Every structure is written in structure tokens, then in C-alpha cells.
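Student: Submitted below is the structure of interest, expressed as C-alpha cells.
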Amino acid sequence: MSDDAYLVRATTADDGQIWDTLRVYQNGDTLLDGRLYFIENFAQLNNLYTDDGTFHIVMGAVQGVLNASTSELIDNFPILYWNSRDRQLVEITSDAADSPSDTSTVTGLTALRPGNGLGNAYPQLSEGPNGDLVAIWQQWEDDGS
Numbered sequence: 167m168s169d170d171a172y173l174v175r176a177t178t179a180d181d182g183q184i185w186d187t188l189r190v191y192q193n194g195d196t197l198l199d200g201r202l203y204f205i206e207n208f209a210q211l212n213n214l215y216t217d218d219g220t221f222h223i224v225m226g227a228v229q230g231v232l233n234a235s236t237s238e239l240i241d242n243f244p245i246l247y248w249n250s251r252d253r254q255l256v257e258i259t260s261d262a263a264d265s266p267s268d269t270s271t272v273t274g275l276t277a278l279r280p281g282n283g284l285g286n287a288y289p290q291l292s293e294g295p296n297g298d299l300v301a302i303w304q305q306w307e308d309d310g311s
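With our numbering as the guide, the letters of the sequence shown map in order to residues 167 to 311.
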């Protein structure tokens, strides 16, 4: 696994003379719940500032591992959300949608997909007229089989 993929937020108040950077996530970071994400592939990311000045990011992790301390199996395909106020990386897909329980579906999500759209992919973020955030993405279809 590559450990050189970073997601960084950079801001400047002096037209680029000095930059303040904040690392949002780096490949190899294992979260408190043991999850591990691979973010370097395909640039599946969207972001925006809301009227209150908060910066929001939504991204497809492309692939992940549910529990890095017990497995290396790619078994997690989440859409992730982060904002500059809370600074917490959160999965916004349901467990049923991002972590299929059967191995054949997990294998299918890595092999049968449109383009680079593994599992859940290509998220977009928008702010509604009342300040509500809306995220949409491509999601795999569970046909019940």
C-alpha cells in the first residue's frame, strides 16, 4: 500500500505568500474504530464552502478495510464526509451499502463496475436554499441475489 497519498486543505490570507495546511487524511492512517481507507485513486472528491465559512469535503474512499488489526481484505467501499468545523472523517453510506456481508458481493464490487466506480463512487456535494447539505453518489445495486 502506498503511504504517500494525502488529502490536505490549504488556505492563505496573503495571496499565496504563506500557506496554512491541515492534513485531513493520509493513506495508512487507521481510525479509532480500526478502519483504513485508500484515497489515492481516481480523485473522487467534491468540496464547497457554505455561507457560514465552513469548508466541506465529500469523497469516495474507493476501497477500505473494516478492521485493519484483524484483516487486510478490501471489504469497505464508503463515501466519506469531513468539514473544517468538526474535523472528523465520517462514513455517510450505510453499513449495508458500503460493507456487504457476503464475499461474492465484495468480489463483485472490485471487479464488476463502470469505469473506476468501485462500490460507491463519484460523490457530489451541494448546499440547498435553507443551508442543508446534500450529497449524492453512484451506488451499487443490491438485487437481493
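Glycine included, every Cβ here is placed at the ideal spot set by N, Cα and C.
Only a predicted model underlies this, so the values are computations on that prediction, with no experimental measurement involved.
By how many angstroms is the C-alpha of Q254 removed from the C-alpha of T220?
Tutor: As a position in the sequence shown, residue 220 is number 54, starting the count at 1. As a position in the sequence shown, residue 254 is number 88, starting the count at 1. Whole-angstrom Cα-Cα distance: 13 Å.
Student: Bridge partners for S292 per DSSP, in chain order?
Tutor: Translated into positions along the sequence shown, residue 292 becomes position 126. Answer by DSSP bridge pairing, in chain order: V300.
Student: What is the rounded straight-line gap between the Cα of T271 and the Cα of G230?
Tutor: Counting from one through the sequence shown, the residue named residue 271 turns up at place 105. Counting from one through the sequence shown, the residue named residue 230 turns up at place 64. Looking at the two C-alpha atoms, the distance is approximately 15 Å.
Student: Got a sec? Which residues, its chain only, sit under 8 Å from P289 by beta carbon, not counting five neighbours each side?
Tutor: Locating residue 289 in the sequence shown gives position 123, where the first residue counts as 1. Same-chain partners within the cutoff: Q210, L211, N212, V224, M225, G226, I245, A301, I302 and W303.
Student: Let me know the secondary structure DSSP gives G226 once reduced to three states.
Tutor: Counted from its first residue, the sequence shown places residue 226 at position 60. Residue state, collapsed to three classes: strand.
Student: Can you look up D308 in the DSSP assignment and give me helix, strand or coil?
Tutor: Translated into the one-based positions of the sequence shown, residue 308 becomes position 142. Residue state, collapsed to three classes: coil.
Student: So the alpha helix (DSSP H) D268 belongs to, where does it begin and stop?
Tutor: The sequence position of residue 268 within the sequence shown is 102, counting from 1. First-last for D268: undefined, no H or E at that position.
Student: In the DSSP assignment, what are the bridge partners of W248?
Tutor: Within the sequence shown, the letter at position 82 stands for residue 248. Its beta-bridge partners are I223.
Student: Skipping 5 residues on each side, what residues in its chain have a beta carbon closer than 7 Å to that of T276?
Tutor: On the sequence shown, residue 276 is found 110 positions in, with the first residue counted as 1. I240 and L284.
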